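Residue numbers (the numbering used here): 3 to 503.
Glycine is no exception: its CB is placed at the ideal position from the N, C-alpha and C atoms.
Keep in mind the model is a prediction, meaning the values are calculated, not measured.
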RNA sequence: GCCCUCAUCGUCUAGCGGUCCAGGACGUGGCCCUUUCAAGGCCAAAACACGGGUUCGAGUCCCGUUGAGGGCACCA
């Protein structure tokens, strides 16, 4: 059974690169019919940002990525404050995966295994102060050497286990640690260049290196899929697996996502969290599709670009994840968003659009307005790249418009009197229309064009401006039908009046 | 400074020694469709970083150069 995990630290906003790594992990697991869970790595008390753990869970919730384990979603949603997040489910395990899923709640485990390593001679106690270590580093630098801690460098060896101290791992002075990375291929590191890492800090918290090994093993992780920057510390982890006598998981280090300037993605690059994108009107289907394509392609001659989540699960494979970093550029995201918006059922589009148009001041407080809103969906669906673009396309259906200026009511290559005449005739045609629907309306208007010897563009431009106050709208007659006869005639009357003098 | 990784159109990528004078998608330009705007259709411009090898043959393998990114914490 394949089991993967995403292990973020709750130290701030989760950006797109992290979400992509998580997405790859999730897809890899689901493709194999396996499990995916989240573990919060909150072992640095200083960097902890209240509420960020919760935000991370909400991100996955919103994306529709279901977890087979992790800090409880339901509990998170009920919390009133961002001050803290709850731990694992009560029994400490979920769907067969042992919890807790928050590292700060697993402290005794790390302590226990660190002591175990000392007993077997794979680790030792040390108590150099940060200042002392700093000095040692500076001295090494002065000698133009890379500073690596080694047991013999300890300033004191008579360490009282009951006094604050750290536990460091031993590293062989010779030999090479090799492994096969699922994405990078064969990689080798010389042990002599590996630091004797602190595993357990003086405050009793583990470092990442100990925690990730203990947890991934205890929680049955089969594929450790993580960001590129962990590649150089993998030898430490492999050494630990060896000391513990545990079989290591498969490793896959996914390349970074960079900004358009080629630098690592950060706040400077604008909208980089999933919630930023959501607020800019991107829908989850598009975000997932886009992220999947950032570094992955189906390969094998398959040139598909648009994917549903189900298709991604079916086709995703770690061996088609590229080994070079990708630049986050939202051109393709815009396009994919349009594609996925068009695939939404109209009622679903309406549901997702409502918060956006309400944010823009459109009030949909009556069943009648709700109905108009829903009826407008097919008209605007293929015109949206993001959900923020709907308002200017439909606002005139819900609120009154100012009377257009004269020049907007004069058709292209037309005189004022002809335009006025056309407007009056159009009004009469609409008034006498038996059924106020788009098809008969268009037929009547086209007949009017013939009668007046006008091009459709000429007549329709005048009517569009008169009825909507805009020169760009969704298809005219469908729009007018939704507006309704009464309002349409009233607006035409005002336009006629404006043009009359 | 030391270590590691990466390098195909502007961007995301296909390519796993010959079928590649390099394919697809976005974006860009043009044309068509058309009541505006979109959507859609068609066409076009656009790339194997550089230098050495290996091989009958290299985008594909090896080495080097250059460039980019990452790591070298009691941060993850």
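Grab the span of the beta strand (DSSP E) containing residue i for me, first residue to last.
i	result
residue 187	187 to 192
residue 155	Premise fails: residue 155 is in no beta strand (DSSP E) and is neither H nor E.
residue 267	Careful: residue 267 lies outside any beta strand (DSSP E) and carries neither H nor E.
residue 127	125 to 128
residue 227	225 to 229
residue 69	It is not in any beta strand (DSSP E) - residue 69 carries neither H nor E in the DSSP assignment.
residue 6	5 to 8
residue 450	First-last for residue 450: 440 to 454, but that is the alpha helix (DSSP H), not the beta strand (DSSP E).
residue 200	200 to 202
Taking buried to mean at least 16 other C-beta atoms within 10 Å of its own C-beta, is residue i buried or exposed?
i	result
residue 419	exposed
residue 255	buried
residue 19	buried
residue 404	exposed
residue 86	Caution applies to residue 86, whose pLDDT of 47 falls short of 50 and renders its modelled position unreliable; the value that the coordinates give is listed next. Looking at its Cβ environment, which holds fewer than 16 other Cβ atoms inside 10 Å, residue 86 is exposed.
residue 93	Below a pLDDT of 50, predicted positions are generally treated as unreliable, and residue 93, at 48, falls in that range; no measurement from the model is reported.
residue 157	exposed
residue 182	exposed
residue 448	exposed
residue 238	buried
residue 225	buried
residue 37	buried
residue 190	exposed
residue 287	buried
residue 441	exposed
Quick test of your reading: residue i and residue j, contact by CB under 8 Å. State the CB separation rounded to the nearest angstrom.
i	j	result
residue 194	residue 175	6 Å
residue 396	residue 343	With 8 Å as the limit, residue 396 and residue 343 do not qualify as a contact, their Cβ atoms being about 15 Å apart.
residue 470	residue 481	7 Å
residue 44	residue 11	6 Å
residue 289	residue 432	43 Å between Cβ atoms; not a contact.
residue 411	residue 425	7 Å
residue 13	residue 27	Residue 13 to residue 27, Cβ: 19 Å. No contact.
residue 399	residue 485	6 Å
residue 340	residue 387	5 Å
residue 314	residue 135	That pair is no contact at about 46 Å.
residue 212	residue 220	In fact, because the Cβ distance is near 12 Å, the residues do not count as touching under 8 Å.
What does residue i pair with, by DSSP beta-bridge criteria?
i	result
residue 180	190
residue 17	275
residue 168	128
residue 252	225
residue 421	Answer is none; residue 421 lacks a bridge partner.
residue 37	5
residue 511	In this structure the chain extends from 3 to 503, so residue 511 is not present and cannot be described.
residue 260	266 and 329
What are the boundary residues of the alpha helix (DSSP H) that residue i is part of?
i	result
residue 400	Neither: residue 400 is in no alpha helix (DSSP H) and is coded neither H nor E.
residue 51	No alpha helix (DSSP H) contains residue 51, which DSSP labels as neither H nor E.
residue 465	458 to 470
residue 437	First-last for residue 437: undefined, no H or E at that position.
residue 113	109 to 121
residue 379	369 to 382
residue 217	210 to 220
Can you find a heavy atom of the ligand ZN that lies under 6 Å from the Cβ of residue i?
i	result
residue 468	What this structure holds is no ligand at all, so the ligand ZN is not there to describe.
Next on the checklist: Please give me, in chain order, every unbroken run of the alpha helix (DSSP H) with length at least 4 that falls completely inside the segment 289 to 347.
Outcome noted: Correct list: 311 to 317 and 333 to 345.
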